[in-house]
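Counting in the UniProt record's numbering, the sequence shown runs from 1 upward without gaps.
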Amino acid sequence: MAKTQRASSAAIGTDTSATIFDRIDQFRMFIRPRPLRGSAGPTQHLPRWAGYVIDGARTTSPVVQVDGQGMRHRALTGSDQALINFSVGSPRSARQQTRGRWIGDHVPPGISPGKEETMSGTQIAVLIVVAVIVLAVAGVAVFLGRNRSRRRLQERFGPEYDRTVEESGSREAAEKELLERERRHAELTLTPLSAESRTRYSTEWERVQAMFIDSPVTAVAEADELVTQLIAERGYPTENYEEQLSHLSVEHANTLGHYRDAHEISVASARGEASTEQLRKALVHYRALFGELLEADPVPPVSPASSTENTHTSHR
């Protein structure tokens with residue numbers, strides 16, 4: 001008996017809930033809508049009937065969405081906004097059975113009534129295609145930028161680029177090193193030679209070359225010292241040999257190989273391990289960098305008139 005009464009009460013409760021909603025649906029158009037409290041922006045309206053929830057709880061907050069298993073209403077008091085779910089049992093009306101859609105005639109801006117806000121397969125495909133295109137364009141831009149940077153480094157450093165790649169073991173490491181050299185070189189304060197200094201260095205070089213005939217070892221040693229003095233006067237650091245090469249490679253990469261060969265022969269000569277031919281080559285190597293730093297030929301060529309005059313003098 002008790003079970004029958006409880007079942008009858010549950011059925012009556014369900015029918016009563018359905019009847020209330022059906023009556024609300026029939027007469028909601030005659031109820032004056034009220035503004036939504038605490039809402040930001042323009043005032044929004046919902047029917048008063050939408051603010052009542054059955055199943056043991058009563059609220060005056062407007063119901064804005066149904067999720068199929070319960071009503072979801074928005075409690076807006078001041079800046080406090082929260083979503084609270086209330087179960088309403090088994091809905092009967094068509095509006096209650098709408099899953100994920102808005103109740104009544106009030107629809108917030110940007111949402112179509114009766115239309116689920118889900119992305120279609122076409123939209124997803126379009127987004128994927130756009131993402132792939134963006135990634136492809138970005139990859140091409142990075143590739144082209146890296147190639148431009150590589151060509152610039154190859155043109156600027158010449159044989160020094162290949163040498164650095166060989167020593168580093170990879171292009172990436174070599175290019176990183178060369179870029180670092182450019183950065184350090186930009187911090188230097190380089191100064192051009194005055195006319196007096198250029199003349200003085202040219203005279204000294206002539207003296208070193210003349211010395212080679214009688215004392216090639218001494219001539220190579222003094223040539224090494226003269227080149228080092230010129231490097232320092234131009235503004236390059238000379239305390240560390242490797243650092244000196246690093247700075248010189250940025251603007252004198254084409255003659256840096258000559259300087260390396262000359263320095264190696266000079267070191268061998270100091271140990272007494274260099275032949276006269278090697279010493280002669282060392283002097284030629286030194287002259288290549290010396291003339292580039294001097295921005296002039298260390299020993300100007302003899303003019304035709306002077307050559308003729310010297311020829312006549314020799315015949316006498």
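Beta carbons are placed, not taken as given, at the ideal position from N, Cα and C, and that holds for glycine.
DSSP on residue i, reduced to helix/strand/coil?
i    : result
T291 : The question names Thr, but residue 291 is Gly in the sequence shown. It is helical.
P216 : helix
E273 : coil
P159 : helix
A136 : helix
D297 : coil
Y259 : helix
S120 : coil
S306 : Because the pLDDT at S306 is just 40, under 50, the model does not fix this residue reliably, and the value given afterwards should be weighed accordingly. Three-state result, S306: helix.
T191 : coil
Y236 : coil
Is the CB-CB distance between residue i and residue j below 9 angstroms?
i    : j    : result
L294 : H252 : no
H258 : V284 : yes
L190 : V208 : no
S246 : R183 : no
R156 : V250 : yes
CB-CB under 8 angstroms to residue i, same chain, minus the five flanking residues each way: which ones, in chain order?
i    : result
R150 : R171, E175
M211 : T218, A219, E222
D261 : K281, A282, H285
T238 : T228, I231, A232, Q244
G121 : none
T308 : The pLDDT assigned to T308 is 40, lower than 50, so where the model puts this residue is not dependable; a value taken from the coordinates is nonetheless given after this. So the list is empty, once near-sequence residues are dropped.
Need the endpoints of the alpha helix (DSSP H) that residue i sits in, please.
i    : result
S246 : 241 to 251
E175 : 171 to 186
Y201 : 195 to 211
Excluding the five sequence neighbours on either side, which residues of its own chain have a C-beta within less than 7 angstroms of the C-beta of residue i, listed in chain order?
i    : result
L279 : P216, V217, V220, I265, S269
L153 : Y161, E175, L178
R287 : P298
A136 : none
Output needed for residue i: all residues of its chain with C-beta closer than 6 angstroms, excluding positions within five of it in sequence on either side, in chain order.
i    : result
D297 : G291
N254 : G158
A186 : none
A274 : I265, A268
A94  : Low per-residue confidence applies at A94: pLDDT is 41, beneath 50, and the placement is therefore not dependable, though the value from the model is reported in the following sentence. If we look at A94 and ignore the five residues flanking it on each side, it has no Cβ neighbours.
E204 : L226
S202 : P298
V165 : R171, A174
D224 : S266
Is the number of C-beta pairs between the region 228 to 240 and the region 187 to 204 that are closer than 8 angstroms three or more? yes
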